[in-house]
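A.B. asks:
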Amino acid sequence: MPMVIILIALAVFSFFFSAAEASHISLNKIRARHLADKGIKGANSVLRLITKLDRMVAAILIGNNFVNVAISSLVTVTLVSVFGPNWGAALSTFLVTIFILVFCEIIPKTIAIRYSEKTAIFTAPFLEIFIRAFDSLINFFIGTSNLILRLFGEKPQARSPLITEEELRLMIEIGKEEGVLSDEERKMLHRIFE
Numbered sequence: 038m039p040m041v042i043i044l045i046a047l048a049v050f051s052f053f054f055s056a057a058e059a060s061h062i063s064l065n066k067i068r069a070r071h072l073a074d075k076g077i078k079g080a081n082s083v084l085r086l087i088t089k090l091d092r093m094v095a096a097i098l099i100g101n102n103f104v105n106v107a108i109s110s111l112v113t114v115t116l117v118s119v120f121g122p123n124w125g126a127a128l129s130t131f132l133v134t135i136f137i138l139v140f141c142e143i144i145p146k147t148i149a150i151r152y153s154e155k156t157a158i159f160t161a162p163f164l165e166i167f168i169r170a171f172d173s174l175i176n177f178f179i180g181t182s183n184l185i186l187r188l189f190g191e192k193p194q195a196r197s198p199l200i201t202e203e204e205l206r207l208m209i210e211i212g213k214e215e216g217v218l219s220d221e222e223r224k225m226l227h228r229i230f231e
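Numbering (the working numbering), first residue to last: 38 to 231.
So this is what it looks like as structure tokens:
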């Protein structure tokens, strides 16, 4: 029975990390700023997280990988003790893969994308606590990743701006398509980038 409780708790954490990742990445930065400016509780946390995307993604990957490996290990140990090493390991691989994909990845990410604002606002404060608690580990993995990128001639990505030029251009086009901007206004706004 305690093993079942531990597995359920780990699955809840995996669900949380997957939902947090999908909701924050899919949330529009301008909308997040608007929610923060309106004083929506939790929106400032969301804004801080999405403006430090590298740290947020590293934290989520650390948490989610730890939890998913723990789920896999516990199920494998249990099934190997019941079915033996060959069948137990094979059965564990099959069952855990299906379980994690469906219940810890696809379902939480689908829900989080559909309700990105609510999910991001709910998960952000907890994610910030996790990031503070594991700050040194996050710094280690980001530093290691940046070092490896440099060895391959890549520059680590700088912090992303609140909105990129490409996103702004897209918003101008959508504004024209939806009738918010006239053709002349659209052309005038595009000239800013020339």
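We put the CB at the ideal spot given by N, CA and C, even for glycine. Computed from a prediction, not measured in an experiment: that's the story for all the values here.
1) For F177, is the classification buried or exposed, using 16 other Cβ atoms within 10 angstroms of its Cβ as the cut-off for buried?
2) Short check: CB of S63 to CB of P145, under 7 Å?
3) Using the three-state DSSP reduction, which class does L64 fall into: helix, strand or coil?
4) Is P193 helix, strand or coil when you go by DSSP?
5) According to DSSP, simplified to helix, strand and coil, what is E203?
6) Is the CB-CB distance between I87 and H61 below 7 Å?
7) Would you list, in sequence order, the uninterrupted beta strand (DSSP E) runs of no fewer than 3 residues that lie entirely inside the segment 49-130?
8) Using DSSP with H/G/I as helix, E/B as strand and the rest coil, what is F171?
9) Quick one, are the C-beta atoms of V83 and A161 less than 7 Å apart?
10) Let me check understanding here. Comparing Cα to Cα, which of A57, N65, N105 and A96 lies closest to L47?
11) Say whether chain B places a C-beta atom closer than 7 Å to the C-beta of R92.
12) Kindly confirm or deny that the segment 223-231 and the segment 203-210 touch, where touching means at least three C-beta pairs closer than 8 Å.
13) In the DSSP assignment, find the unbroken alpha helix (DSSP H) run with L226 in it and report its ends.
14) With burial defined as no fewer than 16 other Cβ atoms inside 10 Å of the residue's Cβ, what is the status of M40: buried or exposed?
15) So R92 packs on E165, CB below 8 Å; how close in whole Å?
16) How should G76 be labelled, buried or exposed, when 16 other C-beta atoms within 10 angstroms of its C-beta is the threshold for buried?
C.D. replies: The short version:
1) Taking all protein chains in view, the Cβ of F177 is surrounded by fewer than 16 other Cβ atoms within 10 Å, so the residue is classified as exposed.
2) The answer is no: Cβ separation not under 7 Å.
3) It is coil, neither helix nor strand.
4) Reduced to three states, the DSSP call for P193 is coil.
5) Helix, per DSSP.
6) Yes; because the gap between Cβ atoms is below 7 Å, this pair is in contact.
7) Considered as a whole, the segment 49-130 harbours no complete run of any beta strand (DSSP E) with no fewer than 3 residues.
8) In the structure shown, F171 sits in coil (DSSP, three-state: anything other than H, G, I, E or B).
9) The Cβ atoms of V83 and A161 sit closer than 7 Å to each other.
10) Comparing Cα-Cα distances from L47 to each of A57, N65, N105 and A96, the minimum goes to N105.
11) Here there is only one protein chain, and chain B is not present.
12) In this structure the segment 223-231 lies against the segment 203-210, because at least three pairs of beta carbons, one per stretch, are closer than 8 Å.
13) That run of the alpha helix (DSSP H) goes D220 to R228.
14) It is exposed - the Cβ of M40 has fewer than 16 other Cβ atoms within 10 Å.
15) Separation of the CB atoms of R92 and E165 is rounded to 10 Å, and the pair is thereby denied contact status at 8 Å.
16) The residue is exposed, with fewer than 16 neighbouring Cβ atoms inside 10 Å.
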